[in-house]
Amino acid sequence: MKLKNIILIFFVLQAFASCSKNDETEIPQAGKTGRISVKVEAIGGLATRAADKNELPGEAAINNLTAIIFNENGTQVLGSKWQSTVGADGTAEITDVEMQTGNVQIAIVANVPQGSFEDVNNYTAFENKIVELSSQLQNNLTMSSRLISVILSNTDDNYIGYGTSQANVGGLNDPILLTRVAARIDVASIRTNFSGSILSGRTVRVNNIWLSKVKTASRYFSAADWGMVEIPGYLSDEVARNTLNRTVNAETPITDTSYYAYVMENGASENATQLVIDATLQASGGYLSERKQFFVTINENGKDRGYNHNYIKRNYVYQIGITFGKNSFDGDQYPTPPIPSTPVDITLDCVVSIANWGNIRQEASYE
């Protein structure tokens, strides 16, 4: 499965250049002061959003950029800058970042408040910084690059990701990927399949949907491309409750995305993130109503179904199709049972489909 991300194209411009008298380029000297500019282009974002069925409006927005430059072993910050890029139509740049030349490591983060990294003085401190789920909005999702190791010179203009037509620093001709820190969970469809059972012809009202065992924080950054940002703890039993109050039956399935919410990375099987559906089998023809809660563990068996991970990973959309089957509710063979049924918590096996924020459309359901 080809992964499609927001893509960064880095334009690195060194302010000062010098040549020896015989026109040979001098060897870069570490520790000299220079400036770099970083140009960002969101490929698969604003320009191509109409073709991306998984992306919601605003999810590719780049409202600001932070560039942080570390020395080779990550023990010092050689330069950093935050710059607003609001209004940029798919491209943006952060300019004139003062830094020291030599062997450096570059990190780029998008959509964070100004001053988020002012207390960072080395790479370890940077990687341990935490971003809260409450800050993740549809039009302001935090994104980050991998850690880029290059040699920056004060004698030449420096480029990264400009293709083979340009001399790129370190041979990095391909664009640099920028991935969202959060993931998204969608309820893509809700149906009933009561045919041939005592529930045939009945209607279900979906009362509420929410998420349980949700990670509410993660790291901003990981050194590897698409790397792990999960942190211990930060679990919530209820996140993003939505009162739906929509009915579904054999003739009127719900085929639009009726619910979506952002979550942070969570790969723990013992505390796996779950979707909770509170639904009522409506009274009909003398049969009383029956209310239950259904629990769906998100992407529990992803690897068995050909995906590269189980549970929740950053920058993925998990699309869930819900089908209430003939065994979803107890029903009753006799009209007007003497005691109304009471809410019961049950756990169902299910299948969920996952898709990156690219052009992948898949259907899934559970009985």
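Take the sequence shown: its letters are residues -17 to -1, 1 to 350, numbered as in mature numbering (1 follows the signal peptide of the UniProt record, and there is no 0). In this text, a Cβ means the ideal position worked out from N, Cα and C, and glycines have one as well.
Taken in chain order, the complete beta strand (DSSP E) segments of 3 or more residues contained in the segment 86 to 127 are 113 to 115. Per DSSP, L182 lies in no beta strand (DSSP E) segment and is marked neither H nor E.
Counting other Cβ atoms within 10 Å of its Cβ, V92 reaches 16 or more and is therefore classed as buried. Around the beta carbon of G153, fewer than 16 other beta carbons sit within 10 angstroms, so the residue counts as exposed. Residue pairing by DSSP places K64 opposite A50 in a beta bridge.
Taking 7 Å as the cut-off, the Cβ atoms of Q257 and F278 count as close.
When DSSP states are grouped into helix, strand and coil, D261 belongs to the strand group. For Q88, the closest alpha carbon among the candidates S67, Q66, D79 and G62 is that of G62. About 13 Å separates the beta carbons of K275 and L182, which is beyond the 8 Å limit, so they are not a contact pair.
For Q276, the enclosing beta strand (DSSP E) covers residues E273 to T280. By the CB criterion at 7 Å, Y270 and D315 fall inside the cutoff.
Minimum Cα-Cα distance from E115 among the listed residues A171, A207 and Y217 corresponds to Y217.
At least 7 Å separates the beta-carbon of V189 from that of L155. In the three-state scheme derived from DSSP, where H, G and I count as helix and E and B as strand, K36 is classed as coil. With distances taken between CA atoms, A43 lies nearest to L160 out of L160, T230, G184 and V222.
Rounded to whole angstroms, the Cβ separation of E273 and D313 is 6 Å, and the two are in contact under 8 Å. The beta carbon of N284 sits closer than 6 Å to none of the beta carbons in its chain outside the five residues before and after it.
Distances from the CA of Q119 to each of N46, Q265 and F109 were compared; the closest alpha carbon is that of N46. Membership of V231 in the beta strand (DSSP E) is indicated by the continuous run V222 to V231. The continuous stretches of beta strand (DSSP E) do not include I295, and DSSP gives it neither H nor E. When C-alpha distances from V197 are compared across V133, N298 and A223, the shortest belongs to A223.
Cα atoms of A207 and A90: separation of roughly 11 Å, rounded to the nearest angstrom. If you draw a straight line from the Cα of V95 to the Cα of D287, it comes to about 36 Å. In this structure, DSSP gives V164 a state outside helix and strand, which the three-state scheme calls coil. At a Cβ-Cβ threshold of 7 Å, A165 and L124 count as neighbours. Of the candidates A150, G146, R167 and R163, the residue whose Cα lies closest to the Cα of D157 is G146. Apart from sequence neighbours up to five positions away, the residues of its chain that approach Q149 with a beta-carbon distance below 6 Å are Y142, ordered along the chain.
For V246, the enclosing beta strand (DSSP E) begins and ends at Y242 to V246. In the structure shown, the three-state DSSP call for D79 is strand. With 16 or more other CB atoms across the displayed protein chains lying within 10 angstroms of its CB, E38 is buried. With a beta-carbon spacing of about 7 Å, I134 and G85 fall inside the 8 Å limit used to define contacts. Here V187 is not near A266, since their CB atoms are 7 Å or more apart.
The DSSP-derived three-state label of G154 is helix.
A direct Cα-to-Cα measurement between S252 and A200 gives close to 18 Å. Between the C-alpha atoms of T175 and N291 there is a straight-line separation of about 30 Å.
Close CB contacts of D169 within its chain, under the 8 Å cut and outside five residues either way in sequence, are with T240, Y242, Y243, V300, Y301, Q302 and I303 (chain order).
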